[in-house]
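Student:
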Amino acid sequence: MFSLSVLPPPPRYPSQPGGGYNGISATGGVLPMIETNNILTTPTGPEYQFLVGEGLYVLKEDLHLATPPPHPSEAPIQNPNPLSTAPQPATAGTQLSLINIDVGPLPPSFYRSNSRSDGVSSSIQEHPDERSQSSTEVRESTSDGGRLNSSDGGGGHFASHAPPFGEGNTLLTPTPTKDSNKRRKPKNNMTKSNSSFISRVINHETLSKKLQERARDGMFAFANVNRAFQWLDLSSPTKAEYLTKILFTKAHCLSHDVNRVTKSAAHVDVVMGFSTGEIIWWEPISQRYTRLNKNGIINSTPVSCIAWIPNSENLFLAAHMDGTLIVYDKEKEDAIFSPEDEGTPLSSPSTAVRSSSDAPPLPRPTSSTSSSNNKTTTSSAIHKIHIQKSVHSKNQKVNPVSVWKLSNQRINAFAFSPDNRHLAVVSEDGSLRIIDYLSETLLDLFYSYYGGLTCVTWSPDGRYVLTGGQDDLVSIWSPGVDGTTQGHLVARCQGHHSWVTGVKFDLWRCDLDETTTGAGRNYRFGSVGEDGRVCLWDFSLGMLIRPRVGSTTHGVVGGRPLGEGSSRGRSNSGLSGGETVREGDRGKGGGLRKGEVRPRAVEPRASTAVLPPVLSKIIDDDPLCWLEFTRDAIITSCKSGHIRTWSRPAELTPLGEQENKVE
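First residue of the sequence shown: 1, per this note's numbering; consecutive thereafter.
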């Protein structure tokens, strides 16, 4: 008889000379921990370019961020078996937060492509004998600017007069400063910190000079890689040299964001969420920081996603992996949090507020198809937001500002709508929730075809929501927040061969002329996945074809193009057979109150439109985890720290200039 055996996978990190791990030699001596620098290369060849209808995209540069070695206090991982079911520390691939300080971009709808023809120094020592490095003081300069990425212009062009979050609660009004032009800084000096949370802070030796001489229209980037966090100047010819590099002791930064309301040449607010549940508010110009949720005093689970609340100077939203959304104020102190039983307007005696430890699991809807009428039916519980603390609470002296319990499954991502009124949240249980976060109300609930949903984004006009998930699909949803149509699944996009990890609209190639409505609008969006593949998609309602087999509640069957649907009352549930409960009928026939919904049935594949990609190409050997569209390029990143910039085939020019040329 022969015994079967499986070889263990290779170690997570390369072995040190002499066979040691974490700098420990076979004899027990301490080996030097070598930290490499960022590497900038310019690969060439057909594998570093891809052709789309508008032209050829070419890899401009590949910036490989140095992955730091494990901290000496980290326990060695002898056999990191990827098939192990043992709990593992939360980690995330490299993601970027981009910001332009001096020049705000024009609204994306003012750009068109000329060639478009498709119509469409540290005081913390890692070793006892390590010497402290001197820090560099940063001089402040004086100009204002705008954020240069695709999330900026969309909100500007389709801006609405949404009230600020927490309007009417005077306790949330920021404390005015003596100088209205001067922003409040965090409390602690990061370069002189003695916190055990921070291992090392390394500033560039000529940091102040670099900031003074940088291009006025250049772009800053903040990037995480393993337990390191880097501040980069992507407009510098020496962009591989970081401006500041922070090494944390054991925590990994999983998500981060830059406040575009408070940013200026003299001030930048950055928030970082960590695998330990802690949050850091960092101001890189002054090198000062504040720790929030210290030691998990409010919530001890990792922060999977974090973002500043639109148009807010102080408030930001963090998604914790226990299914909770928490609003923090960067300037408030933390306190032990206990859910409030009073002052939660959406709570009822039948749905009492529970803590995350004793809340029952929230069920996923079960769908079945009747052979007699081929109708999909749904049976599931009523869902709502469990408000453990409302933004209108009178207890606003300390953090948290607001706490919403959505489910017991981890929240993977969320995105604010362009009108700054709604929030799309995706979770590990496969749910997509559409929330009116201003009123803390759940509007709609959808589920994926299979598995969890991992990423989400809104179209620049707020008409559609994109999600990517573990079913290898990109799904297009109509959230129905305008009140004219029901929320429904529009199409599924097949092109990836593994989990989808990032989705984003290309605002510079979306044809969103305000005179064009309905099926005439054209959208371009992209996606990346763990298969190392980037996909580009062109979408308009007029080009979608519903499969001929089966039937569905939404749209037209029989191979005819899909329209936007007839005008119907706003539905708050996924009742079978297209049954809706209008706002005026709440609590009558449907038995649903404000903020309560039933999840919509999962649409069968046979009756759902399928959208193929205009491009599907493997561009990286490692799993991709992030992408962004800028005016001149597509930027992607992977889990191993490669940031790749792909130049567009033609320079975009303002629409006004094109019209002058035509005349």
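Glycine included, C-beta positions come from ideal geometry on N, C-alpha and C.
Beta carbon of Asp-513, beta carbon of Arg-524: below 8 angstroms?
Tutor: Going by C-beta atoms, Asp-513 is not nearer than 8 angstroms to Arg-524.
Student: With a CB to CB cut of under 8 angstroms and the five nearest residues on each side skipped, what residues in its chain are close to Asp-322?
Tutor: The residues are Asn-299, Thr-301, Ser-356, Asn-408 and Arg-410.
Student: Roughly how many angstroms separate the alpha carbons of Arg-533 and Asp-102, rounded to a whole number?
Tutor: The straight-line gap from Cα to Cα measures roughly 34 angstroms.
Student: Tell me the rounded alpha-carbon separation between Arg-260 and Gly-502.
Tutor: In a straight line, the C-alpha of Arg-260 is about 22 angstroms away from that of Gly-502.
Student: Ignore the nearest five residues each way along the sequence and tell me which others in Leu-59's own chain have a CB closer than 7 angstroms to its CB.
Tutor: For Leu-59, where only same-chain residues beyond five positions count, the Cβ hits under 7 angstroms are Pro-43, Tyr-48, Gln-49, Arg-644 and Trp-646.
Student: What number of angstroms, rounded off, separates the C-alpha of Tyr-450 from the C-alpha of Ile-476?
Tutor: Near 15 angstroms, if we compare the C-alpha coordinates of Ile-476 and Tyr-450.
Student: In whole angstroms, give me the CA-to-CA distance for Arg-184 and Ile-99.
Tutor: Cα to Cα, Arg-184 sits roughly 20 angstroms from Ile-99.
Student: Grouping DSSP H, G and I as helix and E and B as strand, with all else coil, what is Tyr-48?
Tutor: Tyr-48 falls in the helix class under three-state DSSP.
Student: What first and last residue would you give for the beta strand (DSSP E) that runs through Lys-245?
Tutor: Here the beta strand (DSSP E) through Lys-245 covers 244-248.
Student: Roughly how many angstroms separate the alpha carbons of Lys-250 and Ser-208, rounded to a whole number?
Tutor: Distance between the alpha carbons of Lys-250 and Ser-208 is about 29 angstroms.
Student: With burial defined as no fewer than 16 other Cβ atoms inside 10 Å of the residue's Cβ, what is the status of Gln-212: buried or exposed?
Tutor: Gln-212 is exposed by the Cβ-count criterion.
Student: If I follow the unbroken alpha helix (DSSP H) through Gln-212, where does it start and stop?
Tutor: Run containing Gln-212: 207-213, per the alpha helix (DSSP H) assignment.
Student: Taking the alpha carbon of Arg-521 as the point to measure from, which residue in Gly-487, Pro-547, Gly-529 and Ser-459 has its own alpha carbon closest?
Tutor: Of the candidates Gly-487, Pro-547, Gly-529 and Ser-459, the one whose C-alpha sits nearest the C-alpha of Arg-521 is Ser-459.
Student: DSSP on Gly-483, reduced to helix/strand/coil?
Tutor: DSSP places Gly-483 in coil when its eight states are reduced to three.
Student: Take Pro-479 as the anchor and find which of Ser-439, Leu-544 and His-422 has the nearest alpha-carbon.
Tutor: Considering only alpha carbons, the answer is His-422.
Student: Gly-19: buried (16+ other C-beta within 10 angstroms of its C-beta) or exposed?
Tutor: Annotation note: pLDDT 38 at Gly-19 (below 50); position unreliable, no value reported.
Student: Are Ala-90 and His-256 close, meaning C-beta to C-beta below 8 angstroms?
Tutor: No, they are not a contact pair.
Student: Which residues does DSSP list as the beta-bridge partners of Leu-56?
Tutor: The partner list for Leu-56 (beta bridge, DSSP) reads Leu-51.
Student: Find the nearest neighbour of Gln-396 within the set Ala-319, Asn-169, Lys-384 and Tyr-57, judged by alpha-carbon distance.
Tutor: Checked all of Ala-319, Asn-169, Lys-384 and Tyr-57; the closest Cα to Gln-396 is Asn-169.
Student: Among Ile-39, Ala-240, Trp-231 and Ala-335, whose alpha-carbon lies nearest the alpha-carbon of Ile-285?
Tutor: Ranking the options by Cα distance to Ile-285, first place goes to Trp-231.
Student: I'd like to check one pair, Leu-243 with His-204: are the Cβ atoms closer than 8 angstroms?
Tutor: Contact: yes.
Student: Under three-state DSSP, which class holds Gly-218?
Tutor: Gly-218 falls in the coil class under three-state DSSP.
Student: Can at least three beta-carbon pairs, one atom from the segment 618-627 and one from the segment 64-74, be found at a separation below 8 angstroms?
Tutor: Segments in contact, no.
Student: Look up Lys-389 in the DSSP assignment and give the residues it is bridged to.
Tutor: The partner list for Lys-389 (beta bridge, DSSP) reads Val-403.
Student: Keeping to the same chain, check which residues put their C-beta closer than 6 angstroms to that of Asp-511; ignore five residues upstream and five downstream.
Tutor: Excluding residues within five positions, the ones whose Cβ falls inside 6 angstroms are Asn-522.
Student: Should Phe-165 and Ala-319 be called a contact, given that it needs their Cβ atoms to be closer than 8 angstroms?
Tutor: For Phe-165 and Ala-319, no; Cβs fall outside 8 angstroms.
Student: Under three-state DSSP, which class holds Arg-509?
Tutor: If DSSP states are grouped into helix, strand and coil, Arg-509 belongs with the helices.
Student: Go through its chain and collect everything with a Cβ distance to Ser-640's Cβ below 6 angstroms, but skip five positions before and after it.
Tutor: Around Ser-640: Asp-622.
Student: Can you list, in chain order, the residues of its chain with a C-beta nearer than 7 angstroms to that of Lys-239? Leave out the 5 residues immediately preceding and following it.
Tutor: Around Lys-239: Leu-40, Leu-63, Leu-232 and Asp-233.
Student: Between Met-543 and Tyr-464, what straight-line distance do the alpha-carbon atoms span, to the nearest angstrom?
Tutor: Distance between the alpha carbons of Met-543 and Tyr-464: 16 angstroms.
Student: I need the straight-line Cα distance from Val-614 to Ile-309, nearest angstrom please.
Tutor: The alpha-carbon atoms of Val-614 and Ile-309 are separated by roughly 34 angstroms.
Student: Under 8 angstroms: do the segment 384-393 and the segment 595-612 share three or more Cβ pairs, one atom per stretch?
Tutor: Yes: the two stretches touch, three or more of their Cβ pairs being nearer than 8 angstroms.
Student: For Gly-277, is the classification buried or exposed, using 16 other Cβ atoms within 10 angstroms of its Cβ as the cut-off for buried?
Tutor: Answer is buried; the Cβ neighbour count reaches 16.
Student: Below 8 angstroms on the Cβ atoms is my contact criterion, and I expect Leu-453 with Leu-432 to pass it. Report the Cβ-Cβ distance as a whole number of Å.
Tutor: Indeed, because the Cβ distance is near 6 angstroms, the residues count as touching under 8 angstroms.
Student: Under the DSSP definition of a beta bridge, which residues are partnered with Gly-502?
Tutor: Paired residues: Val-528.
Student: Taking DSSP's pairing of strands, which residues face Lys-617 in a bridge?
Tutor: Its beta-bridge partners are Val-534.
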